[in-house]
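Asks: Chains as they are written, first to last, in the numbering used here: chain L, 12 to 500; chain A, -15 to 234.
Glycine residues also receive a C-beta, built at the ideal position from the N, C-alpha and C atoms.
Every value quoted in this text rests on a predicted model; they were computed, and no experiment measured them.
One structure follows; several queries about it will come next.
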């Protein structure tokens, strides 16, 4: 049971290379469980990972719940997304690489188109510098492979490892926090993830510790016809700080692939978590064939004086269904959401956030930038909820759409619920086009049409991109450029 | 250097002809003023010279050093050393003036096979020109033209001209809407840049800028045609009598 794909890229270690990052698959031997989803598969996944009884029970409860939702046909359909029915029995739910020792050593067989993309992105083949100072946990299909910088983090009591390892080595933490922010009953895809999640990342920062490096995970889907269901759990204990980066890639496939992840963030009193994502799953062909269906539940919960900040640049996926949210439970806590979502060709994105204000003096900021090009459809869907106890809560929402061409769509769907009269909410929204005047202005100074478009679009996205860590910001700018190729001119 | 022959131009995708046969030759080092009433086609001429897609050349030719530029994109014209100071410069959110001008300079140098300026060398040049043009340095930390007053926008155009050092500088009513200080600053900018190898085409409704920048040649443009050409005295005559006589005849 091996995949038939060709080699990727030479690599000197398993992690710090470009080979994980982009759209091609490796010919690593895979171990696959049969397609389809049933109780036996859930048990198999759990036993492969040597999980404790309580976790298996949790998975089985989640599976029961998901089966009920599936029977009742409760897959969410309220998003402005159109896609064919997903056949949940036609997906591999478990795929583990048998060995990494046979990792490819040569560039000769790399897809030339991919090399060209590397060129365009200006990314060196060995990305060691880039990853210097960044601890990486790479989730390759389902099994997390290894973590660098482990020892350095260990000295400070920081735990950063694959979710599976955490289950083995820190079961008390997993038991305490798993499902505490996103219970398996939360929604259809969260239930599915809870039943079959394969791996993911776990981070724990002890009280008062500031994590000295940015923690990073690269996710990629490799096996054809496989789903990917990662589970990420990050806990910043009292007064702790961590900045966490997540990168996503998938190889080019003719068929669509399902990705249903869950991310839970817990920021205890005075804790702070900054979570940055560059989502570059395979978006499908120019004609809308294939691509990743990305149904993700991301949510954080704050203690008193805590802060959770989501920043995302979404350029990939055929379908994006994603609403990174913050439950502002603690008094004086802060929630932020900065997003650039791009929908080109036939991509569809329905993304936004929910800010749920429970504590007093809670504050949330939402800056959403949606870029639509080609036949892309981009929807911002955001909820701001002020509960009765949330005295003096404030929210500022800024929601901008940019249209490139005349075949695309931009939509804004804000939900606002205020149950405390002291709340202050602001909502700004705008829709604009890259104007011919702007283009002419830049071109008249010698800048090419393509670069002018790119400059206008990244400038327009700047409020979000500047929230990203520096290296990630550069990559985000380049990704926007590559993702928009063919849409302009 | 710049030669315009029997130039006809219309609004793209329409039959609305605005330029109806213009002939003009601008030699190296010369300053030409193009004056005319509203709606005469002055601004259209400036835009057409720079290749704005809003207009299409329907007849005639524009050449620079003998080569036709009619088929060239605006960026290619810029690479030849052409520059248009806009009447209404666009605002570009999130793009810093420094970043914009560095990209512009690099694009031109790259197209001409020259070495790109280092960040340090460019920053030095940029800071010098900011001071020379007298634009508020705080504005340079903002997005391009965003929240700039009318006068600040025009000064910013002069800054761009100073940094890009064009061979052929076209100014589209740069003087309109300026107070006397700003007008003086624009004039200083032009006068400082006057050189035997650089030409200016100054499009203006009023003569006031020409009090400060003495043109070598003045053209009066009415209804898409040049109806009179003369020296600086012609501008004074226009100021005294207005365009009424020309409009009546043409």
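Does the stretch 94 to 112 of chain A come close enough to the stretch 163 to 182 of chain A that 3 or more CB-CB pairs lie under 8 Å?
Replies: Contact fails: fewer than three Cβ-Cβ distances are below 8 Å.
Asks: Let's see if you can read the secondary structure: which residues bound the alpha helix (DSSP H) around residue 56 of chain L?
Replies: First-last of the alpha helix (DSSP H) with residue 56 of chain L: 50 to 59.
Asks: Taking contact to mean at least 3 C-beta pairs separated by less than 8 Å, is the stretch 2 to 20 of chain A in contact with the stretch 417 to 432 of chain L?
Replies: The stretch 2 to 20 of chain A, when compared against the stretch 417 to 432 of chain L, does not touch it at the 8 Å Cβ threshold.
Asks: I need the straight-line Cα distance from residue 38 of chain L to residue 149 of chain A, nearest angstrom please.
Replies: Confidence in residue 38 of chain L is poor, its pLDDT being 45 and thus under 50, which makes the residue's placement unreliable; the coordinate value appears in the next sentence. Distance between the alpha carbons of residue 38 of chain L and residue 149 of chain A is about 55 Å.
Asks: If we call anything under 8 Å between Cβ atoms a contact, is residue 406 of chain L one with residue 433 of chain L?
Replies: No, they are not a contact pair.
Asks: Would residue 94 of chain L and residue 330 of chain L qualify as a contact pair, given that the criterion is a beta-carbon distance under 8 Å?
Replies: The answer is yes: Cβ separation under 8 Å.
Asks: Within its chain, find whatever has a CB closer than 6 Å to the CB of residue 381 of chain L; leave out the 5 residues flanking it on each side and keep chain order.
Replies: Answer for residue 381 of chain L: 352, 389, 391, 412, 421, listed in chain order.
Asks: Taking just the CA atoms, how far does residue 31 of chain A sit from residue 194 of chain A?
Replies: Those two C-alpha atoms are separated by around 21 Å.
Asks: Indicate whether residue 127 of chain A and residue 80 of chain A have their beta-carbon atoms separated by less than 8 Å.
Replies: Yes, the Cβ-Cβ distance between residue 127 of chain A and residue 80 of chain A is below 8 Å.
Asks: Does the beta carbon of residue 486 of chain L come closer than 8 Å to any beta carbon on chain A?
Replies: Taking Cβ atoms only, chain A never reaches closer than 8 Å to residue 486 of chain L, which makes this a no.
Asks: Compute the Euclidean distance between the alpha carbons of residue 142 of chain L and residue 50 of chain L, then round it to the nearest angstrom.
Replies: Below a pLDDT of 50, predicted positions are generally treated as unreliable, and residue 142 of chain L, at 32, falls in that range; no measurement from the model is reported.
Asks: For the beta strand (DSSP E) that contains residue 197 of chain A, what are its first and last residues?
Replies: That residue, residue 197 of chain A, is in no beta strand (DSSP E); it is neither H nor E in DSSP.
Asks: If you drop the 5 nearest sequence neighbours on each side, which residues of the same chain put their C-beta closer than 6 Å to that of residue 74 of chain L?
Replies: The answer, listed in chain order, is 53, 206.
Asks: What does the Cβ neighbour count give for residue 11 of chain L, buried or exposed, with the cut at 16 atoms within 10 Å?
Replies: The structure shown does not extend to residue 11 of chain L, since chain L is modelled only from 12 to 500, so the question has no answer here.
Asks: Can you tell me the Cβ-Cβ gap for residue 344 of chain L and residue 316 of chain L, rounded? I've got them flagged as a contact below 8 Å.
Replies: Indeed they touch by this definition, with Cβ atoms about 6 Å apart.
Asks: Am I right that residue 45 of chain A and residue -15 of chain A are in contact with their C-beta atoms under 8 Å? What's the rounded C-beta distance?
Replies: Actually they are not in contact, since the Cβ atoms of residue 45 of chain A and residue -15 of chain A sit about 15 Å apart, beyond 8 Å.
Asks: What residue range is occupied by the uninterrupted beta strand (DSSP E) comprising residue 45 of chain A?
Replies: Looking at the DSSP string, the run of the beta strand (DSSP E) that includes residue 45 of chain A is 39 to 48.
Asks: Given residue 60 of chain L, which residues of its chain have a CB within under 6 Å of its CB, disregarding the five upstream and five downstream residues?
Replies: Counting only Cβ-Cβ distances below 6 Å, and skipping sequence neighbours, we find 175.
Asks: Check whether the Cβ atoms of residue -6 of chain A and residue 39 of chain A sit closer than 8 Å, and answer yes or no.
Replies: Going by C-beta atoms, residue -6 of chain A is nearer than 8 Å to residue 39 of chain A.
Asks: Which one or two residues does DSSP pair with residue 410 of chain L in a beta bridge?
Replies: BP columns for residue 410 of chain L point to L:379, L:440.
Asks: Taking residue 489 of chain L as part of the alpha helix (DSSP H), name the residues at either end of that continuous run.
Replies: That run of the alpha helix (DSSP H) goes 481 to 494.
Asks: Should the stretch 67 to 86 of chain L be regarded as contacting the stretch 200 to 217 of chain L, the criterion being three or more beta carbon pairs within less than 8 Å?
Replies: They touch, by the three-pair rule.
Asks: In chain L, which residues lie less than 9 Å from residue 76 of chain A when you measure between Cβ atoms?
Replies: Per Cβ cutoff of 9 Å: 449, 452, 453, 466, 467, 470, 471.
Asks: If we define contact as Cβ-Cβ less than 8 Å, is residue 143 of chain A a contact residue for chain L?
Replies: No, no contact with chain L.
Asks: Excluding five sequence neighbours on each side, which residues of the same chain lie with their C-beta closer than 7 Å to the C-beta of residue 166 of chain A?
Replies: For residue 166 of chain A, where only same-chain residues beyond five positions count, the Cβ hits under 7 Å are 135, 138, 139.
Asks: Could you spell out where the beta strand (DSSP E) holding residue 73 of chain L opens and where it closes?
Replies: That residue, residue 73 of chain L, is in no beta strand (DSSP E); its alpha helix (DSSP H) goes 64 to 82.
Asks: Against chain L, which members of the stretch 23 to 53 of chain A pass a CB distance test of less than 9 Å?
Replies: Taking 9 Å as the Cβ-Cβ cut-off against chain L, the residues of the stretch 23 to 53 of chain A that qualify are 31, 34, 35, 36, 37, 38.
Asks: Reducing DSSP to helix, strand and coil, say where residue 270 of chain L ends up.
Replies: Residue state, collapsed to three classes: strand.
Asks: Any idea what DSSP makes of residue 208 of chain L, helix, strand or coil?
Replies: Coil at residue 208 of chain L, not helix or strand.
Asks: Does any residue of chain A bring its CB to less than 8 Å from the CB of residue 460 of chain L?
Replies: Output row for residue 460 of chain L: interface = yes.
Asks: For residue 381 of chain L, go through chain A and note every residue whose CB falls closer than 8 Å to its CB, in chain order.
Replies: Neighbours of residue 381 of chain L on chain A: none; closest Cβ ~15 Å, over 8 Å.
Asks: Return no unless some Cβ of chain A is closer than 8 Å to the Cβ of residue 482 of chain L.
Replies: Residue 482 of chain L does not count as touching chain A.
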